[in-house]
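Here's the structure, in structure tokens; my notes come after.
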Amino acid sequence: MTTHDTLAVPARSQSLGRFGSRFAALAFWLLLAVLYGVLRPETFLTAGTFQTIFGSQQALVFLTAALLCTIIVGEFVDMSVASNFGFAAVLVAVLTVNEHWNVWLAAVAAVAVSTLVGLVNGWLTVLLGVNTIVVTLGMGTFLLGLGLWITDLTPVSGLPYDFAQIALHPIGSLPVGFYEGVALMLVFAYVMRFTPLGRNMRFVGANREVSRLAGIRVNRLRLGAFTVAGLIAGVGGVVAAAATGGFDATVSQSYLLPIFAATFLGTAILEPGKFNPLGTLLAVYFLATGILGLQLLGAAGWVSSVFYGGVLVIAVTISTLLHRRVF
Amino acid sequence: MTTHDTLAVPARSQSLGRFGSRFAALAFWLLLAVLYGVLRPETFLTAGTFQTIFGSQQALVFLTAALLCTIIVGEFVDMSVASNFGFAAVLVAVLTVNEHWNVWLAAVAAVAVSTLVGLVNGWLTVLLGVNTIVVTLGMGTFLLGLGLWITDLTPVSGLPYDFAQIALHPIGSLPVGFYEGVALMLVFAYVMRFTPLGRNMRFVGANREVSRLAGIRVNRLRLGAFTVAGLIAGVGGVVAAAATGGFDATVSQSYLLPIFAATFLGTAILEPGKFNPLGTLLAVYFLATGILGLQLLGAAGWVSSVFYGGVLVIAVTISTLLHRRVF
Amino acid sequence: DTSSSTTSASGPLAGKVAQLEKAGDTYAAPSEPISGLAQVKGATVYYIPITQQAPQFGVTETALKTAFGKAGVTLQTCNGNGNPTGISACLNQATSAKAGAIITDAISYGLAANSFDAAIAAGIPVLNTNQIEDAAHPRAAKLGYIYAPGDKMMVAAADWIINDSNGKAEVVINQSTDGPAPAAYVDAAEAEFAKECPACKVTINPISTANFSLIPASTSSALLKNPNVKYVVSEFDQFVQPTLGGVQQAGRIAAVKGLTGGAQLTGLQMLKTKNFIYAAAGQASAYQGWADADAVLRMMTGTAGDELPEYTIPIRLFTRDNIGDVALTQAAEASGEWYGPTGYPEEFLKLWGLS
Amino acid sequence: MSTPPRLRTGAVSVTFGRNRVLRDVGFEVGAGEIHALIGQNGSGKSTLVKVLTGLYVPEPGATVEVDGVPLRLPVRPLEARASGVAVVHQSLGLVGEATVLENMRVGRLRAGRLSRRIHWEHERAQAARMFDRLEHHVPLDTPVHRLSEEDRATVAIARAMQDTPPGGGLIIFDESTRALSRRSLEHFYEMLDGVVRAGTSALLISHRLEEVADVADRVTVLRDGELVEAGLPVTRRGEGELARLMLGRNLAGLSSGGGHARPQDTPAVELTGVAGSRLDGAGVRIAPGEIVGVTGLADSGYQDLPYVLAGVERARGGTLVVAGNPVDLAQFSPMAAIDAGIALVPGDRERAGLAMDQSVAENAALPRTGGRGSRLAPIRRRAELAGLAPWLDRLELSPRDPHAVVSRLSGGNQQKVVLAKWLARAPKVLALHEPTQAVDIGARETIVAAVKDAAAAGCAVLVASGDENELSMLCDRILVFRDGRVSGELTGSPGPDEIVAAVFSSTDRRPLRGHNEERGLVP
Ligand SMILES: Nc1ncnc2c1ncn2[C@@H]1O[C@H](COP(=O)(O)OP(=O)(O)OP(=O)(O)O)[C@@H](O)[C@H]1O
Ligand SMILES: Nc1ncnc2c1ncn2[C@@H]1O[C@H](COP(=O)(O)OP(=O)(O)OP(=O)(O)O)[C@@H](O)[C@H]1O
Ligand SMILES: [Mg+2]
Ligand SMILES: [Mg+2]
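Chains as they are written, first to last, in the working numbering: chain W, 23 to 349; chain H, 23 to 349; chain S, 986 to 1340; chain P, 942 to 1464.
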């Protein structure tokens, strides 16, 4: 990594504080793993643990990627990604199981609907100028209701087994869904770091007028970000439905806090103070590690919330303070 | 109302669009009530309906008031109010039922803890400069976990009957909790409209640096806003626990969407484009009316989500468009 | 609320209700002993309740922990969080950790069919408890079912209402939509009303764990639509408080009697303090924990073959009449003394050759 | 015993990270004087002001006294106010949507004893008193964004004056006057003169040395965070001498006018009949190598011309011909303009010039990745940096670090980055709006030279400015606007006086303030 391939790197980028703020969270992750390994070698230090941590977070990876799309172009938090994801998941299940569509056709239809939802979000926000939170919160609640309606408030399941292979087919010891999520984030990171598109996105996020004057088609980019966010949420929903063989419309709401937690925690990793795809990916697995370990130690269900909340505040506070001290 | 007591009111405030955007939502409310009355006179046009609409929204009124405190001074959405409310509610129940404290003492302790939580939020945000969403989201998740912990993940109940009177004592045909919520919002509206404090809050929300140079103690005001938000959430939680005789920690999460929906819908009522206490209060009852009517018409549980989401987007979009035309 | 009500001794189902109000005399235990318990020592069994939010699973979990402790088996609990994704994650975690066995509680097979399939394919015994047997996945060597008495509890509540109202009640049942089993339980209650009380009118109000905030509103609108309703049943304990909120909002708290199924300490405390609840049906969740442990040990050791013994989980109806004799403590709840004599752990241990 | 000075600072030092920005700065402002604080970009002027307003904490040992009474450090804004110190924020610091009355009184509003209500009659009277003292009146109930520029300046001064007791106190202006047109500036100093005559002091920060020479009684000079001169009387010191004090070297004669116009058959740019929000039939022809200025009164519309030319503001009608190719103005966009080789340096740096949280290099490279071209081919960062380096050297960016975050640069250095960003593109047409705002006189020279070099290389330059000095330094000819169209033309490298005369069509360019000697105020 060269020093000049990052945005917003201060002059003294070699300084200790800087380094600290960049890798503090990673060091803490390692420490956590070692700690659990020492405390529970027989259960934690097994292939099963590894598989659980890395094989179970696909939904979160897709959801955080969708959230990042719009956050990076400066739209404050798209509250509809979770519902959109959930709607795609129930839609593919309902169309296949209740309406007897071909499952692949149903999957394409579900992704198309999610993408359209993203486009409508974008249209309302970008072209009509309605507040982002209002639009996405309203759209999210609306979709949740629709999802409950088409499923009659009950979980729908019964997707065919071969369809499940798009999520579960094992490669090495991990399901293919893991690689899909990682590939998505790597592509995202590549775009952000190395391409004009990524730079344009960051600038639109930082200052719309400056970007417009530099010839960036700001509104198109923002609209695109909303649409792609819808697309990613839709694909994620379809993969999640495939993995469980069905879905329940209300599930998506339980992702809201973890999505935000992972995305904001990502701002404390690798590129402190900035939303970044790889930091977010690491944050997802970091949180999964912490919670799994605590479960193995025998902690009860409440511990995951305490952990999510505590780690988020502490990590970002430390990162903020270290980051600030450098200057 | 004198002409100079408004911030951000344009000169042509008498114009039709202006008037429209101010009262469009109210007219729609009236229309809705008439419609339901015509469709279901035997059930909708009863005292029971009236009682249900106005006697059931205390929790939302307190929660939206808490959210407004920080939004008005320019902090983007305090995500912890719902959890803080829930924590106060379970704390009073746990202290009284499990720990056998005197219930009034427990209530005071719960409110004190909530206020402290608000203060910590403020300290992290205002003095350490950590991102508002991170702090409040993290704190909210953390409190949710703590609430689950102290209740062992299950509902706690058994608060004494006379304690319930602080929420349920009937005055006219409505419980006293209704009047408490309305009084809170009226005081809030008075402060915002007539006092120096309210004017200072709006200025801090509009431009921190200018306010600081004008001699407003900006950080103190922001810290105060967070603390008062915690206080209001705590009082609301205690009242809610009194009403049901106990509480369940996870319930608070289900308020998240309604709080935001009502608060943002409030920006389309009375003072378009601005967060305002009375508009929010009306939005709360507006949403309650709509949902109750739909339920009386026989719609299922999903309808409330569709209604919340749909009304939010449509109302704020119309308000945005009307408002825009005026300028 | 101080208006008192005693079970109407002259009501149509007085005898049946009186029977339901009594604690049982014995807990049934299987007769066959288990052999080869030594081979499962050190194994880890996963316990996956649909949500830890419902109090009864905590009681079962405690009993399981005690029972397995005696057998040298470790218990690992994983919260299903009330949704298929969470449940799948738990099942997958157990599968990749090569669990000795998996016990699911109140989770229908179809909710996470792929993950159930995967666990069974990996050779892990799966015990599906508190559920209806899935037609597409019948019991087999690696898949056992223990049926829950949820229907009995709902029927008990129905019986009490029929008796209390002298055969002419209007009832709202807040039915959980979290899976097919709760619907089946309420169906049983409806059948009981149809059979025993043709004059009764039952309204179903569907509610769900994930939409807690909607429960008060939908309850109060159900009451507004049916102004003569005198009884409101909450299917499980965790729904009592929002249900109560709905009754309060409709201004009907004085006129309506509340009931709950799946009663644990919370509901019983409300019963005792005469807060809204008039009757509560509960099942012996502690005993269920021992029964689950017994069944799983049989599956793990191969003692059972393809057939598990029948376990009957006792239920009891608590009312304002008999609640005075019930010790409302966590210890009492965990011992199972509310439902019958507390000697059953000994009997199980005897079967396991551990006493 | 002599009376203590109005303001005395002692040994004020400020360090950011490892960067010592102020070093033992001690100076005094006397009663009833206008005291100028000058220095190069990044010399620490704003930092000093921010110490006085309490935003920055000075290192231990610093002292700040007002009328001989020491203030606690770090300064509490309310204490400073109580002792009579007021600050006028950059760009005047008014909240546009609020009314004049609210802007005047916020932070001072008093609540009724019981009701806690604001007594608007009292507040109104207080505000009106200030306008009486200034002898200028502004409608109290109008939102500030509806006011004319002059009235806004009046409100800003009136607001600051509330903190100063009549005949006492100190008002600090940190480049507050930067955006004011000549007419407003005259109005501004007329009012300020009245205030200062009554005994109030003013501390003035400005890069317009002409302004300083005209209005200041004494001057304090900072260089690299250190005091060069403290309280030097300005009497008869010209701009040149002030510049020498500031830069520590002689400026090679203030240049004026004279590009390298190469009048040819085809103009590089030809705008005709442009109609827009404020424009009504405006037009301009610029030959390759020519530098053309446009100016006029504040609402004459001249400021819109560069934005129309760069496709940023949609014109309702009119034609544009670039290098012989006609362009549809109604469909014109920034992207098309960049394709056509047109670069715009906007006037509002914070809003339209730079993304403040990004680095210098990223900002400068943005035009390369905006515009047309592949979106997914990797960026070549090394090449971008190499292209930027010479411009950083030429414009003397300080600190000269391409990876520095822009928000940490001083205002003038930020302006240099905006220029570097567009000059490095080697545009065919350069549209500039107030290009040398906020930069010190030394940097102004280099910027002027850079623009002239670009012109010499064949670039056609349009400069929109209300600053007659800037125009006179840059332009070959100047078009004066009135009512949205060109009303007059000055050719042959016109001087500042000529420009002002043409704009205001009254012959006198009044001095900003009567000469010091005449007032007899020189200590
Ligand atoms: N918050 C900050 N963090 C780091 N460095 C800063 C900060 N603020 C200012 N500086 C640096 O301090 C120095 C002095 O800046 P200051 O703004 O006081 O200069 P100035 O004299 O006002 O310049 P200008 O004439 O351009 O306005 C500059 O080098 C600037 O980069
Ligand atoms: N509190 C702060 N924290 C960080 N950076 C700051 C702070 N205050 C100011 N700066 C930065 O320090 C630099 C100097 O700011 P300042 O307000 O002095 O600009 P300025 O020199 O007055 O601008 P101009 O010359 O355009 O008038 C700017 O880049 C500004 O963004
Ligand atoms: Mg400055
Ligand atoms: Mg400056």
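A virtual CB, placed ideally from N, CA and C, is assigned to each residue, including glycine.
Remember, predicted model here, so these are calculated numbers, not experimental data.
Just to confirm the assignment, what range does the beta strand (DSSP E) spanning residue i have?
{"i": "S1161 (chain S)", "result": "1155 to 1161"}
Checking contacts by CB at 7 Å: is residue i closer than that to chain W?
{"i": "N1068 (chain S)", "result": "yes"}
{"i": "P1191 (chain S)", "result": "yes"}
At least one CB of chain P closer than 7 Å to the CB of residue i: is that the case?
{"i": "P299 (chain W)", "result": "no"}
{"i": "Q36 (chain H)", "result": "Model confidence at Q36 (chain H) stands at a pLDDT of 42, short of 50, so the residue's coordinates are unreliable; what they give is reported in the following sentence. Not an interface residue."}
{"i": "E293 (chain W)", "result": "no"}
{"i": "A337 (chain W)", "result": "no"}
Cβ of residue i versus every heavy atom of ligand 1: is any distance shorter than 6 Å?
{"i": "T988 (chain P)", "result": "yes"}
{"i": "S984 (chain P)", "result": "yes"}
{"i": "V1472 (chain P)", "result": "This structure leaves residue 1472 (chain P) out entirely; chain P is present only between 942 and 1464."}
{"i": "G1025 (chain P)", "result": "no"}
{"i": "S1300 (chain P)", "result": "no"}
{"i": "G295 (chain W)", "result": "no"}
{"i": "L318 (chain W)", "result": "no"}
{"i": "L1350 (chain P)", "result": "yes"}
{"i": "F164 (chain W)", "result": "no"}
{"i": "F957 (chain P)", "result": "yes"}
{"i": "G1230 (chain S)", "result": "no"}
{"i": "G980 (chain P)", "result": "yes"}
{"i": "G144 (chain H)", "result": "no"}
Check for me: the alpha helix (DSSP H) holding residue i runs from which residue to which?
{"i": "I172 (chain H)", "result": "154 to 173"}
{"i": "R1124 (chain P)", "result": "1123 to 1138"}
{"i": "A107 (chain W)", "result": "According to the sequence as given, residue 107 (chain W) is Phe; it is not Ala. Run containing F107 (chain W): 103 to 115, per the alpha helix (DSSP H) assignment."}
{"i": "S1270 (chain S)", "result": "1270 to 1286"}
{"i": "S233 (chain H)", "result": "230 to 235"}
{"i": "G256 (chain H)", "result": "240 to 266"}
Using a beta-carbon distance below 7 Å, is residue i in contact with chain H?
{"i": "R1138 (chain P)", "result": "no"}
{"i": "S1447 (chain P)", "result": "Residue placement at S1447 (chain P) is flagged as unreliable, the pLDDT there being 46, under the threshold of 50; the coordinate-derived value follows with that caveat. So, not an interface residue."}
{"i": "L1111 (chain P)", "result": "no"}
- Query: Curious, which full-length beta strand (DSSP E) runs of at least 3 residues does the segment 1098 to 1144 of chain S contain?
  - Reply: 1111 to 1114, 1128 to 1131
- Query: Can you find at least 3 beta carbon pairs, one from the segment 130 to 143 of chain W and one from the segment 319 to 329 of chain H, that sit closer than 8 Å?
  - Reply: no
- Message: For the structure I just gave you, are there three or more beta carbon pairs, one from the segment 1219 to 1230 of chain P and one from the segment 1412 to 1432 of chain P, closer than 8 Å?
- Response: yes
- Message: So, does the segment 249 to 263 of chain H touch the segment 104 to 113 of chain H, judging by three or more C-beta pairs under 8 Å?
- Response: yes
- Task: Specify whether the segment 239 to 248 of chain H and the segment 85 to 100 of chain H touch according to this definition: at least 3 beta carbon pairs, one from each stretch, less than 8 Å apart.
- Result: yes
- Which ranges would you report for the beta strand (DSSP E) in the segment 1358 to 1390 of chain P if only whole runs of at least 3 residues count? 1370 to 1374
- Every unbroken alpha helix (DSSP H) inside the segment 1324 to 1364 of chain P [4 residues or more]: 1352 to 1364
- Task: Pair every Cβ in the segment 1312 to 1327 of chain S with every Cβ in the segment 1276 to 1289 of chain S, then say whether three or more of these pairs are closer than 8 Å.
- Result: no
- Item | contact_flag[the segment 1152 to 1166 of chain S, the segment 1186 to 1197 of chain S] where n(CB pairs < 8 Å) is 3 or more | yes
- Message: For the pair the segment 1255 to 1264 of chain S and the segment 1036 to 1056 of chain S, tell me if three or more CB-CB distances fall below 8 Å.
- Response: no
- Item | Contained alpha helix (DSSP H) runs [length at least 4] in the segment 1227 to 1298 of chain P, N- to C-terminal order | 1245 to 1250, 1275 to 1280
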